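Following this line, the structure appears as structure tokens:
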């Protein structure tokens, strides 16, 4: 697939985007509650978020409810609705944070984390505060103890990483590839999104399972796959805005190569995530029948994220 490369200059160039769907040997599934929860979630978010006309058009074009239905296939209707609301929150926060300076990013992070730690006593009249308070309050009625703690911890990691990204953007810093990969695993927001796989399926894996080295590598492979696919397909718009938090841009800077070569190298890295994922899935230990069943459900959710990120890039207008 080819598209015009937008830049600050008037000279248009063409960039070829790789076919990654054929490289990911998984099937896209769909939650039967997708249509109803998407409509309800979109209506609620549009009523609550106070978007401008342009922001509303962009939000509606992202089709986040349908992403939720394909990544969280086995959730019930109530859980899927809360997940759709949360992903909408994340996508909007990611968009808004591109405009934040470090002070704005810290203020948003403080609001969100205070809400998560003190949902019944802390109140913010901001859109961020109202939205996350509503979502978190609903989740607390059924989320498991381990899962709830992981959600708070991974949201904290995400917000700290976004602050670092904002800091780098203000200073014009471009990290090394290795540093970028570590940071991207948090700025992607995949970690709290993966916690939602447990919440959605009403499972609560103990730390001994979720922190096992093999499980950690499975999460990293899925996270990298999702993040790097997004980087490839959002590269055009991000580079046109002068943003540098993108694998393609980091590869160009460190390797001294052009954008097309960097895109191809990033695509090869995405393809390798499948090898990594399957290699570690084959090494998964047993924790007993009950925990094994939960672990398989969780890993299936990671797999659904890997294929759906590629499939999701096509019909949305977010990039």
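In the numbering used here, the protein residues as written are 95 to 413.
By construction, the Cβ of each residue, glycine as well, lies at the ideal position given by its N, Cα and C atoms.
Given the structure is predicted, the values throughout are model-derived calculations rather than measurements.
- Taking 3 residues as the shortest admissible run, the segment 341 to 393 contains no complete beta strand (DSSP E) segment at all.
- A Cβ-Cβ distance of about 6 Å is found for the pair residue 392 and residue 291, placing them in contact under the 8 Å criterion.
- Contact annotation: the segment 374 to 386 does not touch the segment 350 to 364, with fewer than three C-beta pairs closer than 8 Å.
- Counting only residues of its own chain and dropping the five nearest sequence neighbours on each side, residue 253 has a CB closer than 6 Å to the CB of 203.
- In the three-state scheme derived from DSSP, where H, G and I count as helix and E and B as strand, residue 311 is classed as helix.
- Distances from the alpha-carbon of residue 176 to those of 232, 334 and 396 put 232 closest.
- If you draw a 10 Å sphere on the C-beta of residue 285, you find 16 or more other C-beta atoms in it, and that means buried.
- For the options 225, 205 and 299, the alpha carbon positioned closest to that of residue 144 is the one of 225.
- Residues of the same chain with a CB within less than 7 Å of the CB of residue 312, apart from the 5 flanking positions on each side, are 371, 374, 375, 393 and 396 in chain order.
- Per the C-alpha coordinates, the member of 168, 352 and 366 positioned closest to residue 108 is 352.
- In the same chain as residue 332, and ignoring 5 residues on each side of it, the C-beta atoms closer than 6 Å to its own belong to 340, in chain order.
- Here residue 320 is buried, its C-beta having at least 16 other C-beta atoms within 10 Å.
- Within a 10 Å sphere around the beta-carbon of residue 211 sit fewer than 16 other beta-carbons, which makes this residue exposed.
- Per DSSP, the unbroken alpha helix (DSSP H) holding residue 201 starts and ends at 196 to 211.
- Sequence-distant Cβ neighbours of residue 229 in its own chain, meaning closer than 8 Å and more than five residues away, are 176, 179, 180 and 183.
- The three-state reading of DSSP puts residue 120 in coil, since its state is none of H, G, I, E or B.
- The residue from 316, 158 and 220 with its alpha-carbon nearest to that of residue 142 is 220.
- Judged by beta-carbon spacing, residue 267 lies within the 9 Å limit of residue 338, meaning their Cβ atoms are closer than that value.
- Look at the beta carbons and you see the segment 291 to 302 touching the segment 163 to 170: at least three pairs across the two are nearer than 8 Å.
- Fewer than three beta-carbon pairs drawn from the segment 297 to 305 and the segment 185 to 195 are found closer than 8 Å, and the two stretches are therefore not classed as touching.
- With respect to residue 344, residue 270 sits close: the two C-beta atoms are nearer than 9 Å.
- Ranking 378, 201 and 235 by CA distance to the CA of residue 214 puts 235 first.
- Nearest C-alpha to residue 263 among 336, 157 and 186: 336.
- Rounded to whole angstroms, the Cβ separation of residue 318 and residue 367 is 5 Å, and the two are in contact under 8 Å.
- Residue state for residue 337 is assigned as coil, using DSSP reduced to three classes.
- Out of 274, 128, 310 and 309, the CA that lies nearest to the CA of residue 348 is found in 274.
- Look at the segment 239 to 297 and you find these whole runs of alpha helix (DSSP H), each 4 residues long or longer: 239 to 265, 271 to 281 and 284 to 295.
- Rounded to whole angstroms, the separation of the alpha carbons of residue 265 and residue 136 is 36 Å.
- Taking C-alpha positions only, residue 283 is separated from residue 381 by approximately 28 Å.
- DSSP places residue 303 inside the alpha helix (DSSP H), whose first and last residues are 301 to 304.
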